[in-house]
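A short write-up of the structure that comes next.
There are 2 protein chains.
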Amino acid sequence: MSDSKLKVVVCRDLGPDVMPLLLNNPRLDVVVWPHNSACERKWLLENARGASGILVMLSEKVDEELLNAAGPKLRVVSTMSVGYEHADLKALLTRGVRFGYTPDVLTDAVADLSVMLALMAGRNTKETTEAWPNFVWSPFAFCGPQLSSTPTSPKRTAGFIGFGRIAQATFARLVPFGFQHCLYTGNAKTAPDPAADAALAAKYGVKEVRRVELDELARESDAVFVLAPGGPATYHIVDEQFLRQMKKTAVLVNTSRGTLVDSDALAKALHEGWLYGAGIDVVEGEPQVGLDHPLIKAPRCVVLPHIGSATNETRLGMATLTVNNLLGGVFGEEMPAELGTSR
Amino acid sequence: MSDSKLKVVVCRDLGPDVMPLLLNNPRLDVVVWPHNSACERKWLLENARGASGILVMLSEKVDEELLNAAGPKLRVVSTMSVGYEHADLKALLTRGVRFGYTPDVLTDAVADLSVMLALMAGRNTKETTEAWPNFVWSPFAFCGPQLSSTPTSPKRTAGFIGFGRIAQATFARLVPFGFQHCLYTGNAKTAPDPAADAALAAKYGVKEVRRVELDELARESDAVFVLAPGGPATYHIVDEQFLRQMKKTAVLVNTSRGTLVDSDALAKALHEGWLYGAGIDVVEGEPQVGLDHPLIKAPRCVVLPHIGSATNETRLGMATLTVNNLLGGVFGEEMPAELGTSR
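Heads up: the protein sequence lines correspond to chains A and B, in order. Using this note's numbering, the first residue of the first sequence is number 15, and each one after it goes up by one. Using this note's numbering, the first residue of the second sequence is number 15, and each one after it goes up by one.
Set out below in structure tokens:
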């Protein structure tokens, strides 16, 4: 019966809570990259041969080469990520290979991190966490802009570049901080929908949810959140021109993809004070981010190692969903989150 | 006419936006500590002589010695802080010296910081902000407990030691993170008030606001916020016994006074994993906090330099209120926030 087993290749060990879903399945022949590091390309191409399913991380390119190496038995590629800029969707479609990903399950974790980074940028934790033991207290030491509204500064506006699930979950968290205004940029292919905006404003109990052009968003926002997909359409959408229009008291948060923000322009902006601070979880060119990277050296800039979804609950949920997508694809059944069919 | 001027002593320069309120008043003789550091005691005692008003920071002890040095003309002491553990209220009362402080105005700034520290503790920013360039990504690297609720972990409980204005403002911010349960410890001198609790739960749209004993709060909370006043009644209220009862996935936040938390016990708890992480803005014995302090060396512990109210908007508001309290007291008029009369 061993011949009838279906081969699946798994590019990362997903731990003792999730791997048994694969390893204990008698219909599967499971091949797992054996190291705690990114899967080597050579190993992946060799082991993909004859596979019915491949489970990848963001680090594995899913392209013609890999699909050719796997051959005609391949039915599904399942990625443990909500983004899929590492996958050639056209090549998958041409071959009839299904593709699974992990939307929704990480929404709250990334929204949490987005709020945290907005707070950390304003409170300048890059310096304040390192203040002990040598600093002199004074009435205005360490003071930056306050995220919350105050009686003397009552208006707070959040600006979202991209306004999907994560952006909306982030805004929901900002409402009790006094954010009554929500601006966002929309996909150029779709028309503005004032009725939907009004419905959202009512849902959140705020004065305004409104689609605007990028320039107005830059000018009006106290906190700008970059939450659009990566890829050519959004490359360096936050550039020098955008940053020069921001309020001097505003903060910029990027928890989507590094390519959306021009790192050199942001570093220059922070050095020259065009905006107050930045909190970024993603950097163009990561993981090649050395201590001499302009954003690591920039003042009032917090740089995290892409941990948006890194909580126990969420990563467990992502890993489980990734495996269930793989199983659904391999056995020709429904996949819980298949790209193109799920919403 | 110079003889009729009233002397006021100001222990810190409050900057160009606020000092003119004093310096431009022709009825005042204003003496200002001339350095950007804590006011020296010797200077204060000498200059206090004959003063009608003294404006102090948390760093200045307001005791018999200072009141005696000032003498019988003293009408008011005004502190730029919401806390007043540095002031001998009985000695002030005995002499009929009024006392001003700065409640309310810093509520939102400290609530912001409390939420930030809960997030930073759970996301272990002590390590994650220092991760570049040397770390290995893996599916569960950097993972800790998620502040937000998730479908597989839907219950979140916030616990407040002290449930005044700042605690309630902090809880309001946590509601969209999925916190449906709010526990708090009350002042032993007051009776529980279930009707008031139910009204608060309705206001926040949550399942539960409930006064509990300290042990239950320790056991049930996913995030514990220490927000009670300092002083003997709350000294080391968070001790080894409390910490041993906390959830291993919980975080502790202290944004009130360092004396409420036993630093050695907290460091031990973090090393041994009794709780997940801690975010503290105040440390017993501050500002004597060296790099060998047990909490600076403890894992998953963020230690900030007492910046709860340190935003431009709030410190400006506090400084203005402190000056207005001083003016009201010196001229025998209403003080905007006088202890004992304001709420």
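Backbone N, C-alpha and C fix where the C-beta goes; we use that ideal spot for every residue, glycine too.
Asked	Found
Listed by chain order, chain B residues near residue 28(A) by CB distance under 9 Å	153 and 154
Residue 180(B) in three-state terms, based on DSSP	helix
Identified DSSP bridge partners for residue 285(A)	Paired residue(s): none; residue 285(A) is not in a bridge.
Spatial neighbours of residue 11(B) in its chain, beta-carbon cut-off 7 Å, leaving aside the 5 residues before and after	This structure does not reach residue 11(B), given that chain B is present from 15 up to 357, and the question cannot be answered.
Cross-chain neighbours of residue 170(A) in chain B, by beta carbon under 9 Å	Result: empty, since nearest Cβ-Cβ is about 11 Å, beyond 9 Å.
Assigned exposure category for residue 189(A) - 16 Cβ within 10 Å defines buried	buried
Residue span of the beta strand (DSSP E) that contains residue 102(A), given as start and end	From DSSP, residue 102(A) is part of no beta strand (DSSP E); its letter is neither H nor E.
Contact set between residue 127(B) and chain A, taken where Cβ atoms lie within less than 9 Å	133 and 137
contact_flag[the region 257-271 of chain B, the region 100-118 of chain B] where n(CB pairs < 8 Å) is 3 or more	no
Interface partners of residue 94(B) on chain A, CB under 7 Å	153
Closest by C-alpha distance to residue 203(A), when choosing among 166(A), 247(A) and 240(A)	247(A)
Per-residue contacts from residue 51(B) into chain A (C-beta, under 9 Å)	150, 151 and 152
Residue interval of the beta strand (DSSP E) (run including residue 194(A))	193-199
CB-CB length for residue 325(B) against residue 315(A), believed under 8 Å	In fact, because the Cβ distance is near 18 Å, the residues do not count as touching under 8 Å.
Under 7 Å between C-beta atoms of residue 277(A) and residue 126(B)	no
Where the beta strand (DSSP E) through residue 346(A) begins and ends	Segment: none, residue 346(A) is in no beta strand (DSSP E) and carries neither H nor E.
Where the alpha helix (DSSP H) containing residue 128(B) begins and where it ends	121-136
Alpha-carbon spacing of residue 200(B) relative to residue 169(A), whole angstroms	34 Å
Neighbour-count burial assignment, residue 150(A), 16 or more Cβ in a 10 Å radius	exposed
Cut-off 8 Å between Cβ atoms - residues of its own chain near residue 122(A), not counting five sequence neighbours on either side	183 and 328
Residues of its chain near residue 129(A), where Cβ-Cβ distance is below 6 Å and the 5 sequence neighbours each way are ignored	187
DSSP-derived helix/strand/coil call for residue 278(A)	helix
Spatially closest choice to residue 119(A) from 354(A), 136(A) and 323(A), by CA coordinates	323(A)
Own chain residues within Cβ distance below 6 Å of residue 318(A), not counting five before or after	295
Environment of residue 166(A) [buried if 16+ CB atoms lie within 10 Å]	exposed
Where the alpha helix (DSSP H) containing residue 377(A) begins and where it ends	The question about residue 377(A) has no answer here: the residues shown for chain A are numbered 15 through 357.
Short-range partners of chain B found in the region 42-68 of chain A, where Cβ spacing is below 8 Å	50, 51 and 52
Proximal chain B residues relative to residue 225(A), where beta-carbon distance stays under 9 Å	Those within 9 Å of residue 225(A) in chain B number zero; the least Cβ separation is about 22 Å.
Environment of residue 54(A) [buried if 16+ CB atoms lie within 10 Å]	exposed
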